[in-house]
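Residue numbers (the numbering used here), protein chains in the order written: chain A, 100 to 461; chain D, 16 to 94. Reading through the structure tokens given below for one structure.
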Amino acid sequence: MRTAPQALIAEITHRCPLHCVYCSNPLQMQGSARELSTADWIGIIRQAAELGCLHLHLTGGEPLMRRDIEEFVRIGRQWGLYINLITSGFGLSRERLRALVGAGLDHVQLSFQDSEEAHANTFAGTKAHAQKLRVAGWIHEHRIAFTVNLVVHRQNIDRLEELIRFAEQLQPDKLEIANVQYYGWALRNQLALLPSREQLRSSLPVVEAARARLSGAMRIDYVLPDYYAKYPKPCMGGWGRSLMLIDPAGRAMPCHSAGVVPGLEFPNAATESLRAIWEDSAAFQRFRGEEWMQEPCRSCERKAIDFGGCRCQAMLLAGDAAATDPVCSLSLRRPLVDDLIQQASLRGSSNSQWVYRIDPME
Amino acid sequence: MKPGCRLSPAGDLLLIPEGALRLEGPACRILRFCDGTKTVPEIVAALLEEFPSADQAKVSEETSAFLVKLVERAVVEFV
């Protein structure tokens, strides 16, 4: 018997008032006309709890664009789930936050684009920074967990020390410094975002010093861009192993960007049972276990650690979703990644060429 | 217990922002006593009341070690 998913990632809408140039949403988004109903989501959340999920991640887009989010928090909590809200803070008021906490919200992860308002608003394509600062203040009025997510890339990573000092003032329990990962809009804007090897190397001692200085007060997670890794990341904890994502239209997927893998049909969670999707659907079986692996993964001792890396990245960079993730130093396709790094180093200083994430059509 | 850390409804799991920790043996009892009002010796005394045949020195030592581990994982804080 397979284990249950650890968490349900509910991408309840793709609508978002921000237009971040590194948005991880797919280029082809689901419009509001295709969004699931309140009743659909309530049924899905209940099934997720029955299936054995422990966490519910309410995300998007900007999940607060849905007026019924409070109901999802309440139902999830009633069914015993731990409720996480992943938000830009846009659309939150002091009263609305109080209502969400009253409904059972456990943890807010608030994203920041920069420490400087002008930079932050440039990266987000929206004047969002000031609102985020207000939200951070309101969060401290409640006994809930607070994570600040700070997105870094070649345009701001050189100011990492300043960024960390900024985050420190927000007094979160945890700071997650996340280098952009290259999917969706971020891949499209890669030349303007991918840091150089030198930039990345210089960032490491900055994080180490901050960790030492802030030990006991604020934990720091530092997510490196996997292009610079020796081995790939265990993407999503392995395909269909621990996470289930449902997009705004109800498509159940093993990963945010699984839509880039050709030939996969994603079952709809509004019409099919979550258990059947998790246990039996072809999409969730496709890269489960080790049968699908090619060399060098097949005979690699790390295959139980990283599961061959990210299937979507293998598709996006090597054109083969079953290939070893090309970021792996053991992959024969690793030169593809080295080329991208070199291109970004040679041509990627300006941000004038980038494309802002658009809001999905109706 | 720190904000955002709580026991699951069934009491066998500690839910935290990063995931969940499976609780075994007296771990769940100890966490129920972590309400921000009891000192470590008081928690040990409460445990000994529940398990009168347990060795006091051992309970005290293991409870402290467990709490230190939870402080390191940012699940518990001393207030």
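Even for Gly, the Cβ is constructed at its ideal location relative to N, Cα and C.
In the assembly as shown, A357(A) is a buried residue. Its beta-carbon has 16 or more other beta-carbons within 10 Å. Here the alpha carbon of H218(A) sits roughly 24 Å from the alpha carbon of L126(A). Residue-level contact check: L38(D) does not touch chain A, since none of the beta carbons of chain A fall below 9 Å from its beta carbon.
Listed by position along chain A, the residues whose Cβ is nearer than 7 Å to that of A89(D) are D272 and R318. Note that the C-beta distance between L262(A) and D213(A) is below 9 Å. Put simply, of C399(A), P347(A) and K231(A) the residue whose alpha carbon is nearest the alpha carbon of L196(A) is K231(A). According to the DSSP assignment, D405(A) belongs to the alpha helix (DSSP H) that extends over K402 to D405. Nearest in C-alpha terms to R193(A), of all of W140(A), H241(A), G315(A) and D205(A), is H241(A). For N248(A), the enclosing beta strand (DSSP E) stretches over residues A244 to V251. With respect to the 9 Å criterion, V90(D) and C43(D) are not classified as neighbours on the basis of their beta carbons. Look at the beta carbons and you see the segment 283 to 295 of chain A touching the segment 105 to 125 of chain A: at least three pairs across the two are nearer than 8 Å.
Shown here for L85(D): same chain residues with a beta carbon closer than 6 Å to its own, the five before and five after excluded, namely V91 in chain order.
Interface criterion met: the Cβ of T246(A) is under 9 Å from a Cβ in chain D.
Nearest neighbour of R233(A) by Cα position, chosen from R176(A), L303(A), V454(A) and L191(A), turns out to be L191(A). About 7 Å separates the CB atoms of D205(A) and N183(A); that is less than 8 Å, so the two are in contact. The criterion of a C-beta distance shorter than 9 Å is satisfied by G408(A) and V426(A). At a Cβ-Cβ threshold of 9 Å, D325(A) and Q412(A) count as neighbours. If the five residues before and after S136(A) are omitted, its C-beta is found closer than 7 Å to no C-beta atom of its own chain.
For E110(A), the uninterrupted beta strand (DSSP E) run begins and ends at A106 to E110, by DSSP.
DSSP places G339(A) in the coil class of the three-state scheme, outside both helix and strand. For K231(A), there is no enclosing beta strand (DSSP E); the enclosing alpha helix (DSSP H) covers residues H228 to I238.
Only residues of its own chain outside the window of five on either side were considered, and among them V359, V360 and A420 have a CB closer than 7 Å to the CB of M414(A), listed in chain order. Interface annotation, Y181(A): in contact with chain D, CB-CB separation under 9 Å. Note on M317(A): 16 or more other CB atoms within 10 angstroms of its CB, so buried under the neighbour-count rule.
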